[in-house]
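For the record, the sequence lines run as chains A and B.
In terms of our numbering, the first sequence is residues 1126 to 1258.
In terms of our numbering, the second sequence is residues 844 to 960.
The block underneath contains the structure these notes are about, expressed in structure tokens.
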Amino acid sequence: MNSAIASPAVQSSASLTRRKNIWLVFGCTVVGAAAQVLIKNGANSLSQGSLWEMVTNLALLAGYSLYGISTLLLVLALKEGELSILYPVISLTYVWVTLLSVVFFREVLTPLKLLGVAVIVIGVGVLGRNGRT
Amino acid sequence: MTTPLSSMGLVLLASFVGSFGAVFLKSGAGKLKRGLRYLFLNPQLALGVAFFLLSSYFFVLGVRHGELSVLYPMVSLGYVWTLFWSRLFFRERITRHKFVGLALILVGIFLMASAGK
């Protein structure tokens, strides 16, 4: 079997699945980043840090629920996608968390951080082009 | 401030354990082709999540001492282990795109972490 002589219909359906999987992981990173911001926000608002305080903290609960959803999206993507492509795409979470931290926690976006973000995005782009020639 | 070897070891262990979390999630995810109810009847998925939790436990132990700018990028070595496990367990090919893409991601994470100094 040579992929070069596969029918166009087969090819386009394979590429559709591939794109769907990448978007699922993309969603997984966005939801995962929102989870981290909520957890950070919840952690900041704890006064003494008792277990009871943690399990009744709305931001923490929401954050961990979003973590669950983000894992679910990853699993749905992995159902058919390649682990070696999809797993590194999760590094986009770093990008979203960096940007969200600027907005919500007024952290400074230094040129070096921005460069790091750009290089990660390019790396994910290269991974996404795998198999396309 | 220097980073103790024990902290590096713990974070390295965290990345290693986490990469197996990914392997179990992948092998459990394959079962979903037989129906979405396998989301629950699925020991591999449960094991995958358990490995991720264990990994974050080691990570938290690791980052108690030492510099986050050294330790944080080390977690991303988990992507490298996962590349090998994908080849070994799922017969996925290591292509030039995967290799270059992964290398760029590691450089990017390293840059971001050193910016935090």
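Heads up, the beta-carbon is just placed ideally off N, CA and C, and yes, glycines get one too.
Only a predicted model underlies this, so the values are computations on that prediction, with no experimental measurement involved.
query                                                                                                                                       : result
Short CB-CB distance (under 8 Å) between LYS1145 (chain A) and chain B                                                                      : no
Contacts around ALA956 (chain B), its chain only, beta-carbon distance under 6 Å, and the 5 residues preceding and following it disregarded : SER912, TYR915, PRO916
Alpha carbon of ASN1227 (chain A) to alpha carbon of LEU1234 (chain A), nearest angstrom                                                    : With the sequence shown as reference, residue 1227 (chain A) is identified as Val, and Asn is not the correct amino acid for it. Cα to Cα, VAL1227 (chain A) sits roughly 7 Å from LEU1234 (chain A).
GLY891 (chain B) vs LEU856 (chain B) beta-carbon contact at 8 Å                                                                             : no
PHE894 (chain B): CB within 7 Å of a non-hydrogen atom of the ligand PLP                                                                    : As far as ligands go, the structure on display features none, and thus does not contain the ligand PLP.
Whole alpha helix (DSSP H) elements within the stretch 1145-1174 of chain A, 4-residue minimum                                              : none
Neighbourhood of ALA1129 (chain A) by C-beta, 6 Å cutoff - its chain only, sequence neighbours within 5 removed                             : The predicted position of ALA1129 (chain A) is uncertain, since its pLDDT is 49 and thus under 50; a value taken from the coordinates is nonetheless stated next. Closer than 6 Å at Cβ, skipping near neighbours: no residue.
Boundaries of the alpha helix (DSSP H) in which ARG930 (chain B) is found, first to last residue                                            : 920-933
C-beta contact flag for SER858 (chain B) and TRP924 (chain B) at 8 Å                                                                        : yes
Near-chain A residues of the stretch 907-924 of chain B (beta-carbon distance less than 7 Å), N- to C-terminal order                        : SER919, TYR922
CB contact below 8 Å: TYR1212 (chain A) versus chain B                                                                                      : yes
Residue span of the alpha helix (DSSP H) that contains PRO1236 (chain A), given as start and end                                            : 1236-1253
Cα-Cα separation, SER862 (chain B) to TYR1212 (chain A)                                                                                     : 9 Å
Reference THR938 (chain B); option with closest CA among A:ALA1158, A:GLY1241, A:SER1209                                                    : A:SER1209
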